[in-house]
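Here the structure is laid out as structure tokens; the discussion comes afterwards.
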Amino acid sequence: RYFTVAIFLVGFMLAVALLAQGWIGFKFLPEIQGTFIQVNVRLPEGSSFTRSVEIYDEVARAADTMTEKMGKAKDGEPYVKAVYIQANEGAVVSYVTITEAVNRDESTEDFARMFREALGDLPDAEEINIGFTQNGNEPDFSFGIEADDLDELRLATLDLQRYLRTLPGSYDVRNSLQSSTPELQLELKPGAERFGLNLGDVARQVRQAFFGEEVQRLPRDGQDVRVMVRYPREARESLTTIETMRIRTPDGREVPLAAIADAKFAPSYKRIDRRDRQRSARVTAELRDDVDRAALLEAYREEFLPDWRKRHPNASLSQRGDAEEMSDFFIEFLSLYAVAFFVMYMLLAIAFSSYWQPALIMTAIPFGYMGATFGHAIFGLDFALFSFFGIGAAAGVVINDNLVLIDYVNRLRRDGAGAYEALVKAGVGRFRPIMLTSFTTFIGLLPIMFERSTDAQFLKPTIVSLAFGIFFATFVTLLFVPAMYAVGADIARFYRWAWTGEKQPKLGEGASADRLDFSDEPSFTAPALSGGSTASQAGRRLPEFMRPAE
Numbered sequence: 238r239y240f241t242v243a244i245f246l247v248g249f250m251l252a253v254a255l256l257a258q259g260w261i262g263f264k265f266l267p268e269i270q271g272t273f274i275q276v277n278v279r280l281p282e283g284s285s286f287t288r289s290v291e292i293y294d295e296v297a298r299a300a301d302t303m304t305e306k307m308g309k310a311k312d313g314e315p316y317v318k319a320v321y322i323q324a325n326e327g328a329v330v331s332y333v334t335i336t337e338a339v340n341r342d343e344s345t346e347d348f349a350r351m352f353r354e355a356l357g358d359l360p361d362a363e364e365i366n367i368g369f370t371q372n373g374n375e376p377d378f379s380f381g382i383e384a385d386d387l388d389e390l391r392l393a394t395l396d397l398q399r400y401l402r403t404l405p406g407s408y409d410v411r412n413s414l415q416s417s418t419p420e421l422q423l424e425l426k427p428g429a430e431r432f433g434l435n436l437g438d439v440a441r442q443v444r445q446a447f448f449g450e451e452v453q454r455l456p457r458d459g460q461d462v463r464v465m466v467r468y469p470r471e472a473r474e475s476l477t478t479i480e481t482m483r484i485r486t487p488d489g490r491e492v493p494l495a496a497i498a499d500a501k502f503a504p505s506y507k508r509i510d511r512r513d514r515q516r517s518a519r520v521t522a523e524l525r526d527d528v529d530r531a532a533l534l535e536a537y538r539e540e541f542l543p544d545w546r547k548r549h550p551n552a553s554l555s556q557r558g559d560a561e562e563m564s565d566f567f568i569e570f571l572s573l574y575a576v577a578f579f580v581m582y583m584l585l586a587i588a589f590s591s592y593w594q595p596a597l598i599m600t601a602i603p604f605g606y607m608g609a610t611f612g613h614a615i616f617g618l619d620f621a622l623f624s625f626f627g628i629g630a631a632a633g634v635v636i637n638d639n640l641v642l643i644d645y646v647n648r649l650r651r652d653g654a655g656a657y658e659a660l661v662k663a664g665v666g667r668f669r670p671i672m673l674t675s676f677t678t679f680i681g682l683l684p685i686m687f688e689r690s691t692d693a694q695f696l697k698p699t700i701v702s703l704a705f706g707i708f709f710a711t712f713v714t715l716l717f718v719p720a721m722y723a724v725g726a727d728i729a730r731f732y733r734w735a736w737t738g739e740k741q742p743k744l745g746e747g748a749s750a751d752r753l754d755f756s757d758e759p760s761f762t763a764p765a766l767s768g769g770s771t772a773s774q775a776g777r778r779l780p781e782f783m784r785p786a787e
């Protein structure tokens, strides 16, 4: 019995290690790989349409390279069914349709990785996103940085971005503060106020000169045509105009812009996000599949993060994306399941009129997780949100099987059987219904587990957790729970010996009227007290945890 308990505990610790050490991946939502690859290339603000056409050609070349490399699918048709590419000013979008999953051994992710390698590096691209899932494609690493000062936020973001680029296997490292075209920033010189001008007046006149000011609207063909007054095109396309332009003062005079303000070009940000009243930026990175993400995260926390916080004390850094959602989910998930298990325990305690037997029944619940973990490892699946739903469903089956077994043991004990005899008879008597219930459920779920269609992928984490949780729970019910019951009987005999001093028979030796339900226990006399006096303890009962069992 002790060896059996040890074997199951080792198996459970191995299952925990598989997930904790990253041998089995974890994603908040399962990756449902479709039959197409979506490619989005975003260029800096102000990029010409000519550059978009060049990117268009690069994407088309990458699609042709992938098509030639892959050849034919199982059905004899090309892997790549169709390629759609659209070039816009500042962006290129492409959809590459591939054959169904049943006609290929490679995953859609393999095709996406191959396409990314064929596309190569695009240095001027602000974002290159290649999606291959139907439920979105969250970056492998996603971090959020908050700071009150924009310059501090920019420096902290660049610091993290440089670190991510040094990681082995990282690519497409981006941040949400990517600069657009430089903007003209004006700063008034000392003494500019004596002309009656403020910064708003100067900026407005510069805007009027280059963008224009609407002075009239003319009706034409049922529509209004705006009439704008501004500098000629040649002047608006020359930086010299800024140096020579003049600004009108409130009294009608004109003064050179250079005399009242300093003009300089600086990077501009198209969007500045805020989070908890602080300016926020997001840094993302993709990783190759052969990279140990858990090891990289551990190195990030232990080596980079402490130094980063020293360099940027006024900024905060946290994980975002799936990591953030996962943290919120587990807080709520564990709290709700704790309530559910407490209610289950109380109901079992009322039914069995015992506190330790419900605990014995529920000890098998964690081993449903063990079965689910091994099932995910066998099928090569990542743990996901829906995996825990399957574990919860398997827990109900486990509790039902254990409840039936322990109830049968209690009935045999009430009929006078010892603990060993009751365990053996209960195991033999309940073997067939437990095995039939578990294995018929497992076999019934096999078709869904081996289904390769896209529609079945959402169900796979739940089904694998449920099927393998029930499968392993069968052995838990028939082996682990009786072993734990026997260990409990040993503990009860030890406390009875410690309390009474009477030598206790080993488990399975003889039969005893002492029962685990502890109803109608006989009275007993305690051993002599110190000093030679004796104290009659007639009618006194043992505490429940000391009551004997064989």
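So the sequence shown is residues 238 to 787, counted in my numbering. A virtual CB, placed ideally from N, CA and C, is assigned to each residue, including glycine.
Cβ neighbour criterion (16 or more within 10 Å) applied to residue i
i	result
VAL333	buried
LYS507	exposed
PRO764	Because PRO764 carries a pLDDT of 41, less than 50, the predicted location of this residue cannot be relied on, and no value is offered for it.
ARG730	buried
PHE380	buried
LEU455	exposed
SER517	buried
ASP358	exposed
GLN594	buried
PRO405	exposed
PRO759	Residue placement at PRO759 is poorly supported in this model, since its pLDDT is 36, which falls under 50; the coordinates are not used for a value here.
LEU256	buried
SER675	buried
ASN325	exposed
Residue of the options minimising C-alpha distance to residue i
i	options	result
ILE484	LEU255, SER475, LEU494 and ALA252	LEU494
ALA656	MET721, MET599 and PHE668	MET721
ALA338	PHE589, ARG350 and LYS311	LYS311
GLY283	ALA328, GLY653, ASP513 and ILE587	ALA328
GLY433	ASP488, LYS318 and ALA349	ASP488
GLU354	GLU474, GLN445, ALA596 and LEU524	LEU524
ALA609	SER289, ILE497 and GLY629	GLY629
GLU364	ARG490, ASN340 and ASP409	ASP409
ASP377	LEU401, TRP545 and ALA446	LEU401
PHE623	PHE566, PHE240 and ASP458	PHE566
ALA446	SER331, PRO469 and THR345	PRO469
LEU649	TYR537, ILE680 and LYS662	LYS662
LEU476	VAL443, ALA586, PHE541 and LEU703	VAL443
Delimiting residues of the beta strand (DSSP E) encompassing residue i
i	result
LYS501	498-503
TYR645	It is not in any beta strand (DSSP E) - TYR645 instead sits in the alpha helix (DSSP H) that spans 622-651.
GLN594	Where GLN594 is concerned, there is no enclosing beta strand (DSSP E), although the alpha helix (DSSP H) it sits in stretches over 593-599.
ASP792	The structure shown does not extend to residue 792, since the chain is modelled only from 238 through 787, so no value can be given for it.
SER331	328-335
GLY368	364-370
LEU425	420-425
VAL520	515-524
GLY313	Element bounds for GLY313: n/a, residue is neither H nor E.
GLU535	Looking at the DSSP string, GLU535 is not in any beta strand (DSSP E); the run it does join, the alpha helix (DSSP H), is 530-536.
Three-way DSSP call (helix, strand, coil) for residue i in this model
i	result
PHE695	coil
LYS662	helix
THR241	helix
ALA557	Before going on, a small fix: residue 557 reads as Arg here, not Ala. It is coil, neither helix nor strand.
ILE261	coil
LYS318	strand
PHE616	helix
PRO785	Below a pLDDT of 50, predicted positions are generally treated as unreliable, and PRO785, at 44, falls in that range; the measurement from the model is reported next regardless. The answer is coil: DSSP assigns PRO785 none of H, G, I, E or B.
GLU450	strand
LEU256	helix
SER407	strand
ARG669	helix
GLU758	In this prediction, GLU758 has a pLDDT of 36, which is less than 50 and means its spatial position is unreliable; what the coordinates show is noted afterwards. Coil at GLU758, not helix or strand.
PRO281	coil
Cβ neighbours of residue i in the same chain (closer than 6 Å, five flanking residues each side left out)
i	result
THR678	ILE707
VAL464	VAL452 and GLN453
ALA632	ILE602 and GLY605
SER555	GLY381
Neighbourhood of residue i by C-beta, 7 Å cutoff - its chain only, sequence neighbours within 5 removed
i	result
LEU715	GLY664, PHE668 and ILE671
MET607	GLY248, PHE249, ALA252 and PHE709
ALA384	LEU390, ALA393, GLN515, ARG516, ASN551 and ALA552
GLY558	GLU375, PRO376 and SER379
Boundaries (first-last residue) of the alpha helix (DSSP H) holding residue i
i	result
VAL290	286-307
PRO493	From DSSP, PRO493 is part of no alpha helix (DSSP H) but of the beta strand (DSSP E) over 491-493.
ASP388	387-403
PHE352	345-356
Proximal residues to residue i (C-beta, below 8 Å), its chain only, five neighbours per side dropped
i	result
ALA503	PRO419, GLU420 and GLN422
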